[in-house]
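In what follows, a structure is listed as structure tokens, so that the remarks can point back to it.
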Amino acid sequence: MAGWLKAFFDVSSKKIKYMMRNLSYIYCKRQVLCLAFVCLIFYLIKQYNLHDEHEPGQDRSSRYTYVELAEVDRPTVVLRLENDSGLEHIARSLNLSEKLRNGDRIILHSDGKYEFSRMSGIKSLALGVPIGINSASIDDLQSLPGIGIKLAERIVEWRNSNNGFKSIDELVEIDGIGKKKMETIRPLVSLD
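In terms of the numbering used here, the sequence shown is residues 716 to 907.
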């Protein structure tokens with residue numbers, strides 16, 4: 716290639732080497748610029764996708780309401796509803812007499828009857844639904860961080876002997892729940 720350039724431009728071999736070095740430098744510079752541009756685009760796309768749509772001061776779990784529908788011997792379906800009108804529509808379509816709440820589980824039987832319960836603790840936490848400390852089972856309570864079987868049993872025992880929790884802050888009265896653990900689980904529980 717250098718011979719072709721020399722014949723075409725009638726320049727010395729030193730000049731040809733200098734031009735080739737400059738061309739490779741320009742080519743390398745262009746690659747670096749392209750790579751930087753691609754990284755910038757990737758960063759902007761990632762930032763756009765991480766943008767949190769909820770308004771400041773609004774709790775993330777209050778944005779949606781989740782209801783689990785289960786039929787006997789069939790897979791369950793979790794519905795994500797954006798407002799209370801969806802809950803009312805489900806209640807009307809299933810002829811439910813009880814009011815639906817966030818985290819409810821409805822088990823439909825083949826004879827048209829239904830029963831209410833709550834979603835499992837693990838599923839509730841995964842969906843951002845707080846676990847109701849007045850209705851949670853020992854298994855549900857164990858899905859909270861730092862709560863083992865013994866502590867979950869003490870929570871249920873305290874709840875039963877005191878006619879339920881009136882405030883989430885009453886959890887600190889239970890042996891094994893201090894201020895640090897309380898601050899960890901506070902956003903994950905409710906009085907349901």
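All residues carry an ideal CB built from backbone N, CA and C; glycine is no exception.
Owing to the predicted nature of the structure, the values given are computational and were not obtained by experimental measurement.
When the Cα atoms are used, what is the spatial distance from I756 to L750?
Rounded to the nearest angstrom, the two C-alpha atoms are 10 Å apart.
Is V792 closer than 8 Å to Y781 when the C-beta atoms are compared?
For the pair Y781 and V792, the CB atoms are not nearer than the 8 Å cut-off.
Where does G801 fall in DSSP's three states?
Secondary structure at G801: helix, using DSSP grouped into helix, strand and coil.
Taking just the CA atoms, how far does I805 sit from L811?
Taking the straight line from one Cα to the other gives about 8 Å.
C-alpha distance - A841 paired with G818, whole-angstrom precision:
Approximately 11 Å, taken between the alpha carbons.
Would you report the Cα separation of R869 and L906, rounded to the nearest angstrom?
Approximately 17 Å between the Cα atoms of the pair.
Determine the direct distance from the alpha carbon of E786 to that of D884, and round the result to whole angstroms.
Just so you know, the alpha carbons of D884 and E786 end up roughly 37 Å apart.
Buried or exposed: where does P902 fall if 16 or more other Cβ atoms within 10 Å of its Cβ makes it buried?
Its Cβ having fewer than 16 others within 10 Å, P902 is exposed.
Integer-rounded CB distance, given that T899 should sit under 8 Å from P845
About 13 Å separates the beta carbons of P845 and T899, which is beyond the 8 Å limit, so they are not a contact pair.
Is T780 helix, strand or coil by DSSP?
In the three-state reduction of the DSSP assignment, T780 falls in the strand class.
For a test of the three-state rule: what should DSSP assign to N849, helix, strand or coil?
Three-state DSSP puts N849 in coil, outside helix and strand.
So, at 8 Å on beta carbons, what are the nonlocal neighbours of G891 in its own chain, with the 5 sequence-adjacent residues on each side left out?
Same-chain partners within the cutoff: K865, L866 and R869.
Going along the chain, which residues of its own chain have a beta-carbon closer than 7 Å to the beta-carbon of E813, five neighbours each way excluded?
For E813, where only same-chain residues beyond five positions count, the Cβ hits under 7 Å are F831.
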